[in-house]
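J.: Can you read through this structure? Questions will come right after.
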Amino acid sequence: KQEVTQIPAALSVPEGENLVLNCSFTDSAIYNLQWFRQDPGKGLTSLLLIQSSQREQTSGRLNASLDKSSGRSTLYIAASQPGDSATYLCAVGTNAGKSTFGDGTTLTVKP
Amino acid sequence: EAGVAQSPRYKIIEKRQSVAFWCNPISGHATLYWYQQILGQGPKLLIQFQNNGVVDDSQLPKDRFSAERLKGVDSTLKIQPAKLEDSAVYLCASSPPGRQREVQYFGPGTRLLVL
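These protein sequence lines map, in sequence, to chains F and W. Each step along the first sequence adds one to the number in my numbering, with nothing skipped, and position 88 is 88. Each number in my numbering comes from the position in the second sequence (counting from 1) with 1000 added on.
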């Protein structure tokens, strides 16, 4: 059974700092890995999708990497802003479209 | 393009009562998901539909939960009877066919409180 762990559970940083969020998974036989953002009281928004054959994906100030063999992914946020404050979730997916989510990292960026 | 719609947004019921949630996916999206998200945890898949057929319902508590997707469009999730531990946010998501099928689009969720 796939298990996804995200560390830390919460993170508080000053504005402008670069930061890394971590995600680990127990079964390396994944089809893809996604990073999502969730704002309080809202649904999830997909940020980056990495295929199992890829090593990283970039979108603006976000960069996600994937090391399938070691069961790890990181989300790098450059030059953090208060608007980045949210919960970030990673999810590993199968080719049938089933996703297993971690419990998320709640990020607070202080002005 | 309109997003995934869910209603109601909030619901408060007493234990042993029944409740139903409704989801309207993005037009043309073949796959529809229902997730349960307990406070402080990530979403847990309850059921996945492909058009109007069930692909995966292995984590759906079938003694009290049921879901249907009539005509492969809208979907309803029902809980009967509700328990205290059912208090959670119920998220609906949909994904398009073809190469973009891996990207899920989520609705705002229905927040359920069982007293």
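The C-beta atom is built at its ideal place from N, Cα and C for all residues, glycine as well.
(1) For the putative contact between Leu75 of chain F and Leu21 of chain F, defined by C-beta atoms under 8 Å, what is the C-beta separation to the nearest angstrom?
(2) Return the chain-ordered list of same chain residues with a C-beta closer than 7 Å to the C-beta of Pro958 of chain W, the five sequence neighbours on each side being excluded.
(3) What residues from chain F crowd round Asp1056 of chain W, counting only those whose CB sits closer than 9 Å?
(4) Would Ala1067 of chain W be called buried (16 or more neighbouring beta carbons within 10 Å of its own) or exposed?
(5) Taking 8 Å as the cut-off, decide whether the C-beta atoms of Ser1087 of chain W and Tyr1105 of chain W are in contact.
(6) Would you say Thr1031 of chain W faces chain F, with C-beta separation under 8 Å as the test?
(7) If distances are taken between C-alpha atoms only, which option among W:Cys1092, W:Pro1097, W:Leu1077 comes closest to Ser1018 of chain W?
(8) Mind listing which residues of the stretch 1024-1051 of chain W have their C-beta closer than 9 Å to chain F's C-betas, in chain order?
(9) For Lys98 of chain F, which option in W:Lys1015, W:Pro1043, W:Ile1013, W:Ile1026 has the closest C-alpha, if you only look at C-alpha atoms?
(10) How big is the Cα-Cα spacing for Ile1027 of chain W and Gly1003 of chain W?
(11) Using the C-alpha atoms, what's the distance from Asp1063 of chain W back to Lys1083 of chain W?
(12) Decide yes or no for the touch test of the stretch 7-23 of chain F against the stretch 92-110 of chain F: beta carbon pairs closer than 8 Å, at least 3 of them.
(13) Distance, Cα to Cα, Leu1091 of chain W vs Lys1071 of chain W?
(14) Threshold first: 3 residues or longer. Then list the beta strand (DSSP E) segments lying entirely within the stretch 1060-1100 of chain W, N to C.
(15) Rounded to whole angstroms, how far is the Cβ of Leu1115 of chain W from the Cβ of Lys1011 of chain W, which I believe are closer than 8 Å?
(16) Who are the Cβ neighbours of Ser1075 of chain W in its own chain at under 6 Å, not counting the five residues just before and after it?
(17) Could you give the C-beta distance for Gln2 of chain F and Gly102 of chain F, rounded to a whole number, given that I count them as a contact under 8 Å?
(18) Select from F:Asn18, F:Arg55, F:Ser70, F:Ser24 the residue whose C-alpha is nearest the C-alpha of Ala81 of chain F.
(19) Can you pull the chain W neighbours of Gly43 of chain F, defined as C-beta to C-beta under 7 Å?
T.: On the basis of the coordinates in this document:
(1) For the purposes of this step, residue 75 of chain F is taken as the residue at position 75 of the first sequence. For the purposes of this step, residue 21 of chain F is taken as the residue at position 21 of the first sequence. With a Cβ gap of about 4 Å, Leu75 of chain F and Leu21 of chain F count as contacting.
(2) With chain W covering only 1001 through 1115, there is no way to say anything about residue 958 of chain W.
(3) Taking the second sequence and counting its residues from 1, the one referred to as residue 1056 of chain W is at position 56. Per Cβ cutoff of 9 Å: Ala96, Gly97, Lys98.
(4) Against the second sequence, residue 1067 of chain W aligns to sequence position 67. Under this definition Ala1067 of chain W is a buried residue.
(5) Taking the second sequence and counting its residues from 1, one reaches residue 1087 of chain W at position 87. Taking the second sequence and counting its residues from 1, one reaches residue 1105 of chain W at position 105. Not in contact: Ser1087 of chain W and Tyr1105 of chain W (Cβ atoms no closer than 8 Å).
(6) Sequence index remark: in the second sequence, residue 1031 of chain W carries index 31 (1-based). Judged by the 8 Å Cβ criterion, Thr1031 of chain W is in contact with chain F.
(7) Looking up residue 1018 of chain W in the second sequence gives position 18. Ranking the options by Cα distance to Ser1018 of chain W, first place goes to W:Leu1077.
(8) Thr1031, Tyr1033, Tyr1035, Gln1037, Gly1040, Gln1041, Gly1042, Pro1043, Lys1044, Leu1045, Gln1048, Gln1050
(9) Along the first sequence, read from residue 1 onward, the residue named residue 98 of chain F stands at position 98. Closest by alpha carbon: W:Pro1043.
(10) If you number the second sequence from 1, residue 1027 of chain W lands on position 27. If you number the second sequence from 1, residue 1003 of chain W lands on position 3. The amino acid at residue 1027 of chain W is misidentified as Ile; the sequence shows Ser. Their backbone Cα atoms lie some 9 Å apart in a straight line.
(11) In the second sequence, counting from the first residue as 1, residue 1083 of chain W sits at position 83. In the second sequence, counting from the first residue as 1, residue 1063 of chain W sits at position 63. Roughly 12 Å separates the two Cα atoms.
(12) yes
(13) Numbered from its first residue, the second sequence carries residue 1091 of chain W at position 91. Numbered from its first residue, the second sequence carries residue 1071 of chain W at position 71. Cα to Cα, the separation comes out at about 20 Å.
(14) 1065-1068, 1075-1079, 1088-1095
(15) In the second sequence, the residue the question calls residue 1115 of chain W occupies position 115. In the second sequence, the residue the question calls residue 1011 of chain W occupies position 11. About 11 Å separates the two Cβ atoms, so there is no contact after all.
(16) Within the second sequence, residue 1075 of chain W is the residue found at index 75, counting from 1. Cβ neighbours of Ser1075 of chain W beyond the five flanking positions: Cys1023, Leu1032, Arg1069.
(17) In the first sequence, counting from the first residue as 1, residue 2 of chain F sits at position 2. In the first sequence, counting from the first residue as 1, residue 102 of chain F sits at position 102. About 11 Å separates the two Cβ atoms, so there is no contact after all.
(18) In the first sequence, the residue the question calls residue 81 of chain F occupies position 81. Rather than Ala, the amino acid found at residue 81 of chain F in this sequence is Gln. For Gln81 of chain F, the nearest C-alpha among the options comes from F:Asn18.
(19) Stepping through the first sequence from its first residue, residue 43 of chain F is reached at position 43. Ordered by position in chain W, the residues that pass the 7 Å Cβ test against Gly43 of chain F are Leu1091, Phe1106, Gly1107, Pro1108, Gly1109.
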